[in-house]
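Enquirer:
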Amino acid sequence: MARSRTTKTIAKRIDLGYFKRSHPMRRWRRVLTWLCGAIALVWLSMVSTRWTDKGLSLNDHIHNPGPVSVAHAMFQDDCAQCHTSKPGGGFILAVTDQACLKCHDGSLHEPNQKIAPEAALVSRTKSILAIAEPAHPGGARSADCVTCHIEHRGKEMLRAVNDAHCLVCHEDLPAATQNGQPTAANRITGFTAANHPTFGNHLRNADKKWVDPTVLRFNHQRHLELDQFKNKTDSCTSCHTPDPQDRRYMLPISYEKNCQSCHQLLPTPDSEPVVHGQLSIVRAQLMSPAVLFEPKLRAMSPQQREAKLVKQVRVGRRTESQQIAPEQWIADQVNALNKVASEWMDGEDAKKIPNFELIKAASTQPAEQNPTGPVAFVAYGMANSCFKCHDLKSNQSTLELSTLPTNLGNQRKFTASLFNHDSHRNQSCRDCHEAAWVSTATSDLLLPDINKPGAGAPSCVDCHHADVSPQIRGASASCVTCHNFHDRFLDRAVPAPLTKEPK
Amino acid sequence: MRIDKSHQSWLFLSIAILLIAGGWYWYDVTRGHDALNGPSGGSATGLIYGVLGTSFMLFAGLLGARKKVRTWRIGRAEFWMRGHLWLGTLALPMIWLHAGFRHGGLLTSILTWLTYIIVVSGIIGALFQHLIPNAMTRSVPDETIFEQIPQVLRHLAVEADDVAAICGPENGQDIETWRKARTSALRTRSTRALMTEERRDQLAAALATAPADGSAPLKEFYLRQVKPFVIGESDQPPLNDPTRASTLFAKQKVLLPQPLHETLDDLERICDEVRQLHAQRRMHHWLHGWLFIHVPLSMALLVLTIAHVIVSLRYW
Amino acid sequence: MTQSTIVRREKADEAAGLMGKGTPLSSDDLLKLPLFKGISKKLLDDNHGAVVLRHFEKGEVICRQGDYGSTAFFVLSGNCDVFINTPIAGVNTTPQSGFMGLFKKMASALRGGHARTARPTPTHVHIDAPVDLPWGDFRATIGDNSLFGEMTCLNFYPRSATVIAREPVACLEMLRNILDLIYRNEPQAKWRKEKQKFVETNPGKKFDKPRPEDGPIGKTYRERSLRNHLSGFPLFRNVSADFLEHLRASAEIVTFEPGEVIFRQGDPADEFYIVRIGFVKVSQARAGGEMVLQYLSRGQYFGEIALLARAEGKEAKRTATCTAIDHVEAVVINADDFSELISRFPDAQQQLRAEAERRLKTDEDLAKVTQSVGLGDFLDQGLMQAQSLLVLDLDRCTRCDECVRACADSHDGVTRLVRDGLRFDKYLVATSCRSCLDPVCMIGCPVGSIGRSDTREIFIEDWCIGCDLCAQNCPYGNINMHPFEVDTSSKLFQKQSPLRQARVRLDPLPSSLDITLLPEGLSYDDNGGWLNYIGLPNEKNRGKLREYCSDASYQRAIGSLLRQMETRVPLPILPADFKPEKRLSPYIQFDPAQKSLVFLGVITPDDKEEYLNFSSDNQYKQAVEKAAKQSFGRKAVVYKATTCDLCESLKQEPNCVYACPHEAAMRVEPKLFFGAK
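Protein chains in written order, with this note's numbering: chain A, 71 to 573; chain B, 283 to 598; chain C, 1488 to 2164.
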């Protein structure tokens, strides 16, 4: 009879109590389970307590729901700095304004915004986001910090305030303002041409055309076609260099730095350049020609000087060279110049200079009114130097040149924004300032617009648009990308509680 | 647990929960209460997701507790298992919605990662439970209780010895003493019903005439190959490989006279059973091994979740 | 003869050593006793030594429940206590007060209750003695002239109860041949055969010939048996004394040999039977062959269906065939007496009718499920027999063992199912009770604690004495003996040491150790290499354990195991009246080297009382008290048979199925389930 398996023989092999003694697999699973629970507990108690001088105390580190911003890193583990303690232990989740005001002053956004007399009246629905606070410049400050500022969301969230916060008022600004018309557009809902006012409204003339207040004459196109600039990487930066302080804006252009190397103020080729400065100074220089020629002569080597101080004198039929005195040479030069200047003044070229009549009038003034002398020469000299860039101011009786404003930094073109050239340094200049390559007039404003209609024109929304995604490259277009909420000019002086005596 | 048509209602329920929760989340973060500052675990919506996710996890975790009180009539274990599978999986999206798809601080990051590992290991486990029982049923027909495999292997070794006794004693033993000892052993065993009475009698009869004619090659084969394999001294080829083993036995059959063929067949079947049990052990390790990750980490998750709830309330 | 009977006989032979301890009586002495009056001297001489006189001191054990034996006892003088030591396992949780009580109540409600309300609690447990044990107390007294142990003697069944001398007792212990001599009554046997023939040939007519007189032995014996038997029988609870007296005179005690047919299906009926000894198979002839309806044991009756029909004036035909499985003795009540019984006592009639109806309905249900289908494995594995199978869908089963644990949880920590067995298709037919159509497990239970419910589940009652017979009888290995931990201070342990449980590490397993041959009670657990022992640490068992293997590591382990089983108490100064050389009890020894007392096994309160009597010395008494204190709370166990009752008591689906998390376990009716496949 062959081997057979029957239910009974199979069953009787089995030790019936086998399940009461756990198999290593089950035992280890159980051990591991309790161990894991224990490890979790131990870890918890280790990270949530710490030894201090007073003994064991709770450490709040464990609750931190996310990294705080870098600015607040100092009290990352010190919840009580921002959160109010509860009487029974623990803290209140919502942070009060008082906590923020310890360091920040929460300056007012806009003097004309609605201001609540007391905290209870601050309301988003009524667009009242400020509260009266006499200690603050303007008598008020922004209220309810935490409605806009979210902490524990990493570095950026604290500042990266959602547009929706801004739209509470800016969707319908008149409703949110008092004391007259709002300074900004009544309705701003997003960064598109349709929803956002165009840049630099103060730069527009009556025809709504952008006009640069600058009254110098400069032809970008011409310059960019010069050999030293054409298709060069530093074609722009050789003149427009960033401010080394914050690299945010370009330094102002100045004659000495940017123009002089090419455009010397030479009344005649043989003269010394005139020093760039006030018109009176220039005129003074031109009226004492010796000043223009004498240094030149002095700078020459003896051989050159000797060669220069020779005058061809006609003796009978032949011409012979005569040594002359330097004073004589200077006088000759001045005379020759005067002659050329007089002819030029009567010629057609001079008439092309704007407001030439003014110059002529000044040049032809009687000697008693204008005792300093050779008037035609002055005009001629100015035409060859000053007027290349400057125009005469036409609306003034005194003779004065139009000049570039000297405090350019305070007259930014985007008055409300935080535009930073350095942040855009990976763009080429031409990406935004393409207009420079075709601009011939200084009055052309060579800026990109939000969204300039027409092909090829660069615009902000090329990069800054709302639907940024890995597929659609670009940069953020939220309000705070470009705008500051709090008006820093209205900041109050904050006592600095952070500066303690060093331990 | 096998996921089949009977899971339809759970599937629909899960999809419904997911859709409702996801839809509400979308509404909440685009135009609802959390549209301004984005989703947060502390907002009303976030809290609801947190409570939902935690209760799903707790329900899933309660399966372990349910298994401790098997006789309580608190719903069929199978119902709890279904809940464990579906709600446990659903806990992850709920936690995502709760956290707004962020990991947050240290504690919450650990919680989220634990959840990932637990859910993934659970899904892997469920996959195993679909595949391995099937494979085991097919390839291990002589399957026994996993914990009893060593015991059964010992019984098989004894049985093989009994079967091979037809070849006579090992060298040097006095045949009469040997025969007596073996017969009495057989009789003792039979009362424990390790073999049928008929077979006991047959083996005892074989003992009386042992060694059988022409059994020398069988004895050699048994001692050299079969015995070491059966008692577990060697898990080497050829006997651990079914094809090679059957070839080997077929070869042996040629060497043996007809009356011993049955003995050889018995040995082959015993070897086969031993091999099957080895395979069962391996498969069982896979079938239950994933629990070593799933269960202990669930415990850690439970502890930390409680901590999370407590500290969150502390800061409420 | 069946295989298990052989086994029983072998075991009985082993136990037969007892006979040697008494004084053999000569035939002259015997004939002086009323019991043997009328038996020929020659016959008694022939059987010299088959009956011995034995004296028992007060408190001495005459026989122990569950032991195998082959003798019967006849008490000559003195009273004996009869009881079964069987702590109830799986009883109701007692309600507790306070918070924990409330919790437990809630838990109990959640569990669906543990109450075994499915079956009415019986009033008595029928044992192999002229008395029945009242339920709950399980003890009774038997006095002079009582004959007990007949079942054991005739059929080699295990002893059904423990008998202890309450006072000095003298009794006869006899083998089966003596018992046969007592029973024999040739004229009556002849008369019976004649009567049967007459009834068969003349249906409906009355057999007029009067029954021959009882022999002198038979008379006393029969009367006593009947008196005890009938009055303890629930059927006769409300029957008046005069009728009982009448029955005692008219009823007969009839014996049947194994295999003898008592009556056949379709026979005309004129008798009512109550089983007194042995087992009766009730079967019907069906299209597919013989179909077993029921096994009847001591205290159960049969033949009522036809007689009830007759009382209503219908045709009185036997509805089933009844066959003696082994040596059967039945009380036979003739049809007239039966008619009188049911007409005079409506309570008895009602009981009989209810039982008859129940039986007919069960038969009908059985008939329905015997519409057979299936071939091959189905037949081979005996699935045909099964009414209800626990099957596991192996494609779903993750082998998590929850079913086994659930089973254990609902049954006091022991499992009634083994998750191993043969397969049918992709289903594992787990080793758990199949509620066979022919429940052979029911044959031979000495205390009748195994039964079949109306809904056909096999159940084993709590008063099981752990004799192992049903487990042997089950062809599928579905009945298992389980050790149950018990309270050692329980009064039920009177005079009987419970088994001790201990375990010890044996790692590595010596190569010479064959775990299939371990001594009884010892088992090896591969998981961690534990040797588990459940047994009595008496001298004989200790010897068996020690001798089993000579390997040093095994010997060390056994040494430590046995030490665990002892309680040692120092006794530096030996009391004068304490005689260490005299064996006081198998479970108490004196170790002269260590000057200490060694108590083996668990000391029950009764043991303590007994030990205290051994000496009046104060130090000794203190030592015993100390040992008893140390011994309490140690693990003590009793064996009980368990089988799956389909959680019938829960009245809900079985816990194994309920607890399966993977929908793999199911209880199926095999013919429908596999038939549909």
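From the three backbone atoms N, C-alpha and C, an ideal C-beta is built for every residue, glycine too.
Could you please give me the residues that DSSP links to C:Tyr2166 through a beta bridge?
Expert: Since the displayed chain C opens at 1488 and closes at 2164, residue 2166 of chain C lies outside it and no answer follows.
Enquirer: Is any beta-carbon of chain B found at less than 8 angstroms from that of C:Tyr2145?
Expert: Here residue 2145 of chain C corresponds to residue number 658 of the third sequence, with the count starting at 1. Taking Cβ atoms only, chain B reaches closer than 8 angstroms to C:Tyr2145, which makes this a yes.
Enquirer: From C:Leu1563, C:Lys1696, C:Leu1717 and C:Asn1572, pick the residue whose C-alpha is nearest to that of C:Ala1648; which is it?
Expert: Position 161 of the third sequence holds residue 1648 of chain C. Nearest option by C-alpha distance: C:Asn1572.
Enquirer: List the DSSP bridge partners of B:Thr394.
Expert: As a position in the second sequence, residue 394 of chain B is number 112, starting the count at 1. Answer is none; B:Thr394 lacks a bridge partner.
Enquirer: Spell out the partners DSSP gives A:His142 in its beta bridges.
Expert: The residue given as residue 142 of chain A occupies position 72 in the first sequence. A:His142 is not bridged to any residue.
Enquirer: What distance in whole Å lies between the Cβ atoms of A:Arg91 and C:Asp2012, which are believed to be in contact at a cut-off of 8 angstroms?
Expert: Residue mapping note: residue 2012 of chain C aligns to position 525 of the third sequence, counting from 1. Residue mapping note: residue 91 of chain A aligns to position 21 of the first sequence, counting from 1. Correct: roughly 6 angstroms between the Cβ atoms.
Enquirer: Identify the continuous beta strand (DSSP E) that holds C:Trp2017 and give its terminal residues.
Expert: Stepping through the third sequence from its first residue, residue 2017 of chain C is reached at position 530. It spans Trp2017 to Gly2022 - the beta strand (DSSP E) in which C:Trp2017 sits, taken as one unbroken run.
Enquirer: Could you give the DSSP three-state label for A:Met320: helix, strand or coil?
Expert: On the first sequence, residue 320 of chain A is found 250 positions in, with the first residue counted as 1. Reduced to three states, the DSSP call for A:Met320 is strand.
Enquirer: Taking the alpha carbon of B:Ala439 as the point to measure from, which residue in B:Pro510, B:Ser421, B:Ala408 and B:Ile400 has its own alpha carbon closest?
Expert: Mapped onto the second sequence, residue 439 of chain B falls at position 157. Ranking B:Pro510, B:Ser421, B:Ala408 and B:Ile400 by Cα distance to B:Ala439 puts B:Pro510 first.
Enquirer: Hey, could you find the ends of the alpha helix (DSSP H) C:Phe1730 is sitting in?
Expert: Here residue 1730 of chain C refers to the residue found at position 243 when the third sequence is read from its first residue. Run containing C:Phe1730: Ala1728 to Ser1737, per the alpha helix (DSSP H) assignment.
Enquirer: How far does the beta strand (DSSP E) with C:Lys1804 in it extend, from its first residue to its last?
Expert: The residue labelled residue 1804 of chain C in the question sits at position 317 within the third sequence. Careful: C:Lys1804 lies outside any beta strand (DSSP E) and carries neither H nor E.
Enquirer: Taking three-plus beta-carbon pairs below 8 angstroms as touching, is the region 2016-2026 of chain C in contact with the region 1985-2001 of chain C?
Expert: Yes, the region 2016-2026 of chain C is in contact with the region 1985-2001 of chain C.
Enquirer: Under the DSSP definition of a beta bridge, which residues are partnered with A:Thr122?
Expert: Against the first sequence, residue 122 of chain A aligns to sequence position 52. In DSSP, A:Thr122 forms a bridge with A:Gly125.
Enquirer: For A:Ser358, is the classification buried or exposed, using 16 other Cβ atoms within 10 angstroms of its Cβ as the cut-off for buried?
Expert: Along the first sequence, read from residue 1 onward, the residue named residue 358 of chain A stands at position 288. That one is exposed.
Enquirer: So which residues on chain B does A:Gly176 lean against when the C-beta distance must stay under 9 angstroms?
Expert: Mapped onto the first sequence, residue 176 of chain A falls at position 106. Per Cβ cutoff of 9 angstroms: no residues; A:Gly176 is ~18 angstroms from chain B at best.
Enquirer: Quick one: what does DSSP say B:Met363 is sitting in, helix, strand or coil?
Expert: Numbered from 1 along the second sequence, position 81 holds the residue referred to as residue 363 of chain B. Three-state result, B:Met363: helix.
Enquirer: Suppose contacts are defined by Cβ-Cβ distances below 8 angstroms. Is C:Asp1882 in contact with B:Thr545 by that definition?
Expert: On the third sequence, residue 1882 of chain C is found 395 positions in, with the first residue counted as 1. On the second sequence, residue 545 of chain B is found 263 positions in, with the first residue counted as 1. Contact: no.
Enquirer: Looking at the strands, I want to know which residues DSSP matches up with C:Gly1938.
Expert: Mapped onto the third sequence, residue 1938 of chain C falls at position 451. C:Phe1946.
Enquirer: Spell out whether any CB of chain B is found under 8 angstroms from the CB atom of C:Arg1773.
Expert: Position 286 of the third sequence, counted from the start, is the residue given in the question as residue 1773 of chain C. It does not; no Cβ of chain B falls within 8 angstroms.
Enquirer: Tell me, please, whether the CB atom of C:Asn1566 is closer than 8 angstroms to any CB atom in chain A?
Expert: Reading the third sequence from its first residue, position 79 is the one you call residue 1566 of chain C. Not closer than 8 angstroms to any Cβ of chain A, the Cβ of C:Asn1566 fails to qualify, so no.
Enquirer: Taking 8 angstroms as the CB-CB cut-off, is C:Gly1577 touching chain A?
Expert: Translated into the one-based positions of the third sequence, residue 1577 of chain C becomes position 90. The pLDDT assigned to C:Gly1577 is 44, lower than 50, so where the model puts this residue is not dependable; a value taken from the coordinates is nonetheless given after this. Chain A, which has no Cβ nearer than 8 angstroms to the Cβ of C:Gly1577, makes this no.
Enquirer: Determine, for A:Glu555, whether the minimum Cβ-Cβ distance to residues of chain B falls below 8 angstroms.
Expert: Counting from 1 along the first sequence, the entry for residue 555 of chain A is found at position 485. The displayed chain sequence assigns Phe, not Glu, to residue 555 of chain A. Not one chain B Cβ lies under 8 angstroms of A:Phe555.
Enquirer: Are C:Phe2101 and C:Glu2053 touching if we call contact CB-CB under 8 angstroms?
Expert: For the purposes of this step, residue 2101 of chain C is identified with residue 614 of the third sequence, where counting begins at 1. For the purposes of this step, residue 2053 of chain C is identified with residue 566 of the third sequence, where counting begins at 1. Result no, Cβ atoms of C:Phe2101 and C:Glu2053 do not sit closer than 8 angstroms.
Enquirer: Excluding five sequence neighbours on each side, which residues of the same chain lie with their C-beta closer than 6 angstroms to the C-beta of B:His385?
Expert: Position 103 of the second sequence, counting from 1, holds the residue named residue 385 of chain B. Cβ within range, chain order: Ser391 and Thr394.
Enquirer: Output yes or no for whether 8 angstroms exceeds the beta carbon distance between A:Leu237 and A:Thr262.
Expert: Taking the first residue of the first sequence as 1, we reach residue 237 of chain A at position 167. Taking the first residue of the first sequence as 1, we reach residue 262 of chain A at position 192. No, the Cβ-Cβ distance between A:Leu237 and A:Thr262 is not below 8 angstroms.
Enquirer: Quick one: what's got a C-beta closer than 7 angstroms to C:Asp2038's C-beta in the same chain, skipping five residues either side?
Expert: The residue labelled residue 2038 of chain C in the question sits at position 551 within the third sequence. Counting only Cβ-Cβ distances below 7 angstroms, and skipping sequence neighbours, we find Pro1997, Ser1999 and Leu2000.
Enquirer: Which of the residues in the region 1884-1898 of chain C, read from start to end, lie with their CB under 7 angstroms from any CB of chain B?
Expert: Correct list: Cys1884, Thr1885, Arg1886, Glu1889, Arg1892, Ala1893, Asp1896 and Ser1897.
Enquirer: I want to see whether chain B comes within less than 8 angstroms of A:Arg73, judged by CB atoms only; does it?
Expert: Translated into positions along the first sequence, residue 73 of chain A becomes position 3. Answer yes: the Cβ-Cβ gap between A:Arg73 and chain B drops below 8 angstroms somewhere.
Enquirer: Using a Cβ-Cβ cutoff of 9 angstroms, what residues of the region 151-163 of chain A are near chain B? List them in chain order.
Expert: Within the region 151-163 of chain A, the residues whose Cβ lies closer than 9 angstroms to some Cβ of chain B are His153, Lys156, Gly159, Gly160, Phe161, Ile162 and Leu163, listed in chain order.
Enquirer: Give me, in chain order, the residues of the same chain whose beta-carbon lies closer than 8 angstroms to that of B:Leu301; leave out the 5 immediate sequence neighbours on both sides.
Expert: As a working mapping, residue 301 of chain B is identified with position 19 in the second sequence. Here the set comprises nothing.
Enquirer: Examine chain C for any beta-carbon lying closer than 8 angstroms to the beta-carbon of A:Arg91, and answer yes or no.
Expert: On the first sequence, residue 91 of chain A is found 21 positions in, with the first residue counted as 1. Yes, because at least one Cβ of chain C sits closer than 8 angstroms to the Cβ of A:Arg91.
Enquirer: Count the other CB atoms, across all protein chains shown, that sit within 10 Å of the CB of B:Lys287; report buried if there are 16 or more and exposed otherwise.
Expert: For the purposes of this step, residue 287 of chain B is taken as the residue at position 5 of the second sequence. The residue is exposed, with fewer than 16 neighbouring Cβ atoms inside 10 Å.
Enquirer: Can you find the residues in the same chain that come closer than 6 angstroms, C-beta to C-beta, to A:Glu342, ignoring five residues on each side of it along the sequence?
Expert: By one-based count along the first sequence, residue 342 of chain A stands at place 272. Answer for A:Glu342: Leu362, Pro365 and Lys366, listed in chain order.
Enquirer: At what residues does the alpha helix (DSSP H) containing B:His437 begin and finish?
Expert: Here residue 437 of chain B refers to the residue found at position 155 when the second sequence is read from its first residue. Ile431 to Ala446 is the span of the alpha helix (DSSP H), which, as asked, contains B:His437.
Enquirer: Where do the N-terminal and C-terminal ends of the beta strand (DSSP E) with A:Leu513 fall, by residue?
Expert: One-based indexing of the first sequence puts residue 513 of chain A at position 443. The identity of residue 513 of chain A in the sequence shown is Ser, whereas the question assumes Leu. Taken as a continuous stretch (DSSP letters only), A:Ser513 belongs to no beta strand (DSSP E), as it is neither H nor E.
Enquirer: Once DSSP output is grouped into helix, strand and coil, what is the label at B:Phe354?
Expert: If you number the second sequence from 1, residue 354 of chain B lands on position 72. Going by the sequence as given, residue 354 of chain B is Trp instead of Phe. Three-state DSSP puts B:Trp354 in coil, outside helix and strand.
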